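Q: Below is one structure. I have some questions about it.
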Amino acid sequence: MDDKNKIVVTCAKRTNHIVLEEMAALGYKGESSGNLGVITQGTMKDCMRLNMHLRTANRVLYLIKAFEAVKPQELYDQIHQIPWEDFLEPNGYFSINSWVHNDYIKDTQFANLKAKDAIVDRMQKVHDMRPDSGPDRHKTVIFMHWKNNACQLYFDTSGQTISKHGYRKVPYKAPLMESLAASIILSSQWDKFSHFINPMCGSGTLAIEAALLALNRVPGQYRDNFGFMHIKGYNRSDWNQIRKEANQNAKRNLPGRIIASDINGEAIRVAKRNAQTAGVDHLIEFQQCDFKETTVPSGNGVIILNPEYGARMGEEKALEQIYTDIGDFFKQRCQGKMGYVFTGNMNLAKKVGLRTRRRMEFYNGKIDCRLLEYELYEGTKKAR
Numbered sequence: 001m002d003d004k005n006k007i008v009v010t011c012a013k014r015t016n017h018i019v020l021e022e023m024a025a026l027g028y029k030g031e032s033s034g035n036l037g038v039i040t041q042g043t044m045k046d047c048m049r050l051n052m053h054l055r056t057a058n059r060v061l062y063l064i065k066a067f068e069a070v071k072p073q074e075l076y077d078q079i080h081q082i083p084w085e086d087f088l089e090p091n092g093y094f095s096i097n098s099w100v101h102n103d104y105i106k107d108t109q110f111a112n113l114k115a116k117d118a119i120v121d122r123m124q125k126v127h128d129m130r131p132d133s134g135p136d137r138h139k140t141v142i143f144m145h146w147k148n149n150a151c152q153l154y155f156d157t158s159g160q161t162i163s164k165h166g167y168r169k170v171p172y173k174a175p176l177m178e179s180l181a182a183s184i185i186l187s188s189q190w191d192k193f194s195h196f197i198n199p200m201c202g203s204g205t206l207a208i209e210a211a212l213l214a215l216n217r218v219p220g221q222y223r224d225n226f227g228f229m230h231i232k233g234y235n236r237s238d239w240n241q242i243r244k245e246a247n248q249n250a251k252r253n254l255p256g257r258i259i260a261s262d263i264n265g266e267a268i269r270v271a272k273r274n275a276q277t278a279g280v281d282h283l284i285e286f287q288q289c290d291f292k293e294t295t296v297p298s299g300n301g302v303i304i305l306n307p308e309y310g311a312r313m314g315e316e317k318a319l320e321q322i323y324t325d326i327g328d329f330f331k332q333r334c335q336g337k338m339g340y341v342f343t344g345n346m347n348l349a350k351k352v353g354l355r356t357r358r359r360m361e362f363y364n365g366k367i368d369c370r371l372l373e374y375e376l377y378e379g380t381k382k383a384r
């Protein structure tokens with residue numbers, strides 16, 4: 001598939017602008033498309049490159065066909081016309097995922113079944129064989145967006161979501177998604193050269209993503225399976241070239257220090273294991289201590305904390321002192337740096353007691369969150 005076609009890069013709500021910046025740095029012009037994500041133009045090789053490099057996206061979709069269909073039979077007829085024998089192996093496997101808003105469809109699974117039948121019937125007609133189909137995303141993945149009478153069919157070239165970067169093998173409570181952690185860091189004023197300090201590090205995702213950013217190591221290197229690998233005509237040499245170029249641009253050493261701390265010994269153990277899988281454990285200084293005792297080296301840098309939000313009844317009151325202590329920690333030990341608190345509880349955020357410089361909107365899953373930025377200047381602001 002060497003022809004340029006529509007590519008849709010999906011992402012979490014409120015992160016379109018970050019994905020656009022990432023794509024611009026890779027040389028792609030794109031435009032935001034509401035909840036869909038970001039739209040650009042490119043070939044299947046471009047899809048490979050985006051899958052390799054993007055840190056803040058969810059999926060990379062490559063348009064197969066756009067058409068009009070009002071009723072299920074019209075959907076079947078349009079999909080049946082596509083030359084699936086050019087894309088699928090007769091003894092292969094594919095899955096269908098969809099977003100459907102259509103008056104004739106009560107159950108999305110019915111639309112998926114209709115699309116599946118059109119594909120296998122076409123393959124049966126051409127090859128006298130029917131490829132297998134099911135929910136697993138480990139082979140060819142097809143995404144259908146059907147709104148009213150407008151339908152677009154895509155190859156999901158990612159397969160499994162690329163919001164997970166593949167190094168987090170050991171679970172820990174309420175971890176940040178890797179793509180969200182990268183979005184938080186890219187939204188901060190960290191320059192990738194100064195110090196990065198992450199008290200309350202939990203499973204270490206923020207610190208690991210910071211190390212990968214500073215080293216220019218791309219997330220796609222941790223995965224050996226993508227949806228595009230199972231589309232007929234997959235060009236392995238293109239992918240090997242993309243991997244080689246990405247590895248050549250990676251650095252070996254950090255110019256600044258990355259420090260991650262947590263009071264919980266199990267959290268530090270998990271964070272170290274994840275950092276080891278990512279190949280950056282030797283570059284992150286892990287400390288088991290109360291966040292207020294975290295080492296804060298002199299010089300420029302950022303401090304990012306992701307404290308608990310107090311989602312359950314009674315938890316918010318118990319967390320008030322922690323948020324107050326964060327404010328004291330910023331004032332007393334972090335002068336001259338930029339401080340950040342990522343939280344889904346703005347009532348608790350008020351307890352930090354400092355004036356915010358910026359408030360950036362995010363979602364953590366379904367939780368409405370803010371990344372709060374504090375300029376931790378020395379002395380009074382007027383004197384500064």
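According to UniProt numbering, the sequence shown is numbered sequentially starting from 1. Don't be surprised by glycine CBs; every beta carbon is placed ideally from N, CA and C. Being a predicted model, the structure only gives us computed values, none of them experimental.
Thinking just about the alpha-carbon of each residue, which of Y222, V302, G327 and F67 is nearest to the one in A207?
A: Ranking the options by Cα distance to A207, first place goes to V302.
Q: Confirm, please, whether the CB-CB distance from I142 to D156 is below 8 Å.
A: A contact, by the Cβ cut-off of 8 Å.
Q: Counting only runs that start and end within the stretch 300–364, where is the alpha helix (DSSP H) found for 4 or more residues in a row?
A: If we require 4 residues or more, the alpha helix (DSSP H) runs fully inside the stretch 300–364 come out as 315–333 and 346–349.
Q: Among the residues of its own chain, which have a CB less than 7 Å from the CB of K116, if the five just before and after it don't count?
A: So the qualifying residues of the chain are I96 and S133.
Q: Relative to the alpha-carbon of N253, which residue among R223, L212 and P219 has its alpha-carbon at the smallest distance?
A: Checking every option, the nearest Cα to that of N253 belongs to L212.
Q: For I242 and S203, what's the separation of their Cα atoms in angstroms?
A: Cα-Cα distance, rounded: 30 Å.
Q: Just to confirm the assignment, what range does the beta strand (DSSP E) spanning Q287 have?
A: Q287 -> beta strand (DSSP E) spans I284 to Q288.
Q: Do S188 and Y323 have their C-beta atoms within less than 8 Å of each other?
A: For S188 and Y323, no; Cβs fall outside 8 Å.
Q: How is W99 classed by DSSP in three states: helix, strand or coil?
A: Strand, per DSSP.
Q: Is the Cβ-Cβ distance between I275 and I284 less than 8 Å?
A: According to the sequence displayed, residue 275 carries Ala and not Ile. Closer than 8 Å, so yes.
Q: Would you list the one or two residues that DSSP bridges to T140?
A: Paired residues: F94.
Q: Contact between the stretch 48–59 and the stretch 16–26 is defined here as three or more beta-carbon pairs at a separation below 8 Å; is this criterion met?
A: The answer is yes - the stretch 16–26 touches the stretch 48–59, with three or more Cβ pairs under 8 Å.
Q: On the DSSP bridge assignment, give the partners of H80 in chain order.
A: H80 pairs with nothing; no bridge assigned.
Q: Are there three or more Cβ pairs, one per stretch, closer than 8 Å when the stretch 227–239 is compared with the stretch 166–184?
A: Judged by Cβ distances under 8 Å, the stretch 227–239 makes no contact with the stretch 166–184, as fewer than three pairs qualify.
Q: Just reading off the alpha helix (DSSP H) that I258 is part of, what are its end residues?
A: From DSSP, I258 is part of no alpha helix (DSSP H) but of the beta strand (DSSP E) over I258 to D262.
Q: Threshold first: 4 residues or longer. Then list the alpha helix (DSSP H) segments lying entirely within the stretch 164–197, N to C.
A: Segments of the alpha helix (DSSP H) lying fully in the stretch 164–197: 178–187.
Q: Please report the distance separating the alpha-carbon of N300 from that of S194.
A: When rounded, the distance between both Cα atoms is 6 Å.
Q: Assuming D369 and G353 form a contact by the criterion Cβ under 8 Å, report the distance between their Cβ atoms to the nearest whole angstrom.
A: A small correction: the amino acid at residue 369 is Cys; Asp does not occupy that position in the sequence shown. Not confirmed; about 20 Å, so no contact.
Q: Consult DSSP for G42 and reduce its assignment to one of helix, strand or coil.
A: Reduced to three states, the DSSP call for G42 is strand.
Q: Going by DSSP in three states, Y234 sits in which element: helix, strand or coil?
A: If DSSP states are grouped into helix, strand and coil, Y234 belongs with coil.
Q: Can you tell me whether M346 is buried or exposed? The criterion is at least 16 other CB atoms within 10 Å of its CB, across all chains shown.
A: Label assigned to M346: exposed.
Q: In this structure, what does DSSP give as the bridge partners for residue 401?
A: The structure shown has nothing for residue 401, since the chain only spans 1 to 384.
Q: Exposed or buried, which one is A174 when buried takes at least 16 other CB atoms within 10 Å?
A: So A174 ends up on the exposed side.
Q: Whole angstroms is fine: what's the gap from I82's alpha carbon to V38's?
A: Distance between the alpha carbons of I82 and V38: 25 Å.
Q: Within the same chain, show all residues whose beta-carbon is closer than 6 Å to that of V60, passing over the 5 residues directly before and after it, in chain order.
A: Correct list, in chain order: V9, C47, L50, N51, T157 and S158.
Q: Run through DSSP, which three-state label would R122 get?
A: Three-state DSSP puts R122 in a helix.
Q: Does DSSP put V19 in a helix, in a strand, or in coil?
A: Residue state, collapsed to three classes: helix.
Q: Checking the sheet assignment: what are the DSSP bridge partners for C151?
A: F67 and W146.
Q: Within its chain, find whatever has a CB closer than 7 Å to the CB of T108; leave out the 5 residues flanking it on each side and keep chain order.
A: Correct list, in chain order: S98 and V100.
Q: Identify which residue in G327, E320 and A278 has its Cα closest to the Cα of L348.
A: Among G327, E320 and A278, the Cα nearest to that of L348 is on E320.
Q: Output the boundary residues of the beta strand (DSSP E) element that contains I7.
A: From DSSP, the beta strand (DSSP E) with I7 extends over N5 to T10.
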